[in-house]
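Colleague:
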Amino acid sequence: MDTIEKIIWAAGFIDADGTVTIKRCRRGKDGKWNFFPYISCGQVESNQSRKVLKRLKELFGGNICRWESKQRFRTDKGFTNSYPMRPTISWQVTSKAAVECIQKIKPHLVLKRANGELLEDFVQKFFRGTEY
C-alpha cells in the first residue's frame, strides 16, 4: 500500500471510529484552561486493533494508550462485577501533529470534514504563528 492509499484508509477509519475535536484541560498552578487540537481513535483491545492503531501512529505520530474500566454495572438485583468492560486501546495525536494529520486526511473525510475545518480555523485564529 503506498502512502496516499494509507492516508485514504486512515481518513476512512478516523471518519468511522475517530474523534476530531478541540480538547481542553487545566494546566499549571493557576488552573487555567488550555485548548488544543486533538484526534483519536479507540478500539477494544485485540491483536487486530493494535495493528490498526500502530499504523495510525506510524503515519501521523502520537501515542497509543491502554486502559481498563473499573466501573461496576447495574443489574436488576443491584450492582455486580460479573460483566466487566473489556480493556481498550486508543491512538491519540495532539497539537501540531494533529493539525498536520487533519491537513492530510481532510480531503478524504466525509462525516468529520466539518470538524476538521473547525479545527484548522481554531488553530489559524488562536495560534497565529505561535507554538501550540
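Read in the working numbering, the sequence shown has 1316 at position 98, and its numbers run on one by one without any break. Even glycine gets a Cβ: it sits at the ideal position worked out from N, Cα and C.
Nearest-angstrom Cα distance between Ser1258 and Lys1269?
Modeller: Against the sequence shown, residue 1258 aligns to sequence position 40. Against the sequence shown, residue 1269 aligns to sequence position 51. Spanning the two alpha carbons is a distance of roughly 15 Å.
Colleague: Since Trp1309 sits in a beta bridge, which residues does DSSP pair it with?
Modeller: Within the sequence shown, residue 1309 is the residue found at index 91, counting from 1. Bridge partners of Trp1309: Cys1259 and Ile1282.
Colleague: Excluding sequence positions up to five away, which residues of its chain have a Cβ less than 8 Å from the Cβ of Asn1252?
Modeller: Counting from one through the sequence shown, the residue named residue 1252 turns up at place 34. Excluding residues within five positions, the ones whose Cβ falls inside 8 Å are Arg1242, Cys1243, Arg1244 and Arg1245.
Colleague: Do you know offhand how far Leu1271's Cα is from Leu1337's?
Modeller: Here residue 1271 refers to the residue found at position 53 of the sequence shown. Here residue 1337 refers to the residue found at position 119 of the sequence shown. Spanning the two alpha carbons is a distance of roughly 22 Å.
Colleague: What residue range does the beta strand (DSSP E) around Val1238 cover?
Modeller: In the sequence shown, the residue the question calls residue 1238 occupies position 20. Element bounds for Val1238: Gly1236 to Arg1245.
Colleague: Please classify Ala1332: is it buried, with 16 or more other beta-carbons within 10 angstroms of its beta-carbon, or exposed?
Modeller: Within the sequence shown, residue 1332 is the residue found at index 114, counting from 1. Exposed, by the Cβ-count rule.
Colleague: Sorted by chain position, which residues of the same chain lie with C-beta nearer than 8 Å to Ala1315's C-beta, five sequence neighbours on each side aside?
Modeller: Start at 1 with the first residue of the sequence shown, and residue 1315 comes out as number 97. Closer than 8 Å at Cβ, skipping near neighbours: Phe1278, Gly1279 and Gly1280.
Colleague: Locate the alpha helix (DSSP H) running through Lys1343, then write down its first and last residues.
Modeller: Here the question's residue 1343 lines up with position 125 in the sequence shown. It spans Arg1331 to Phe1344 - the alpha helix (DSSP H) in which Lys1343 sits, taken as one unbroken run.
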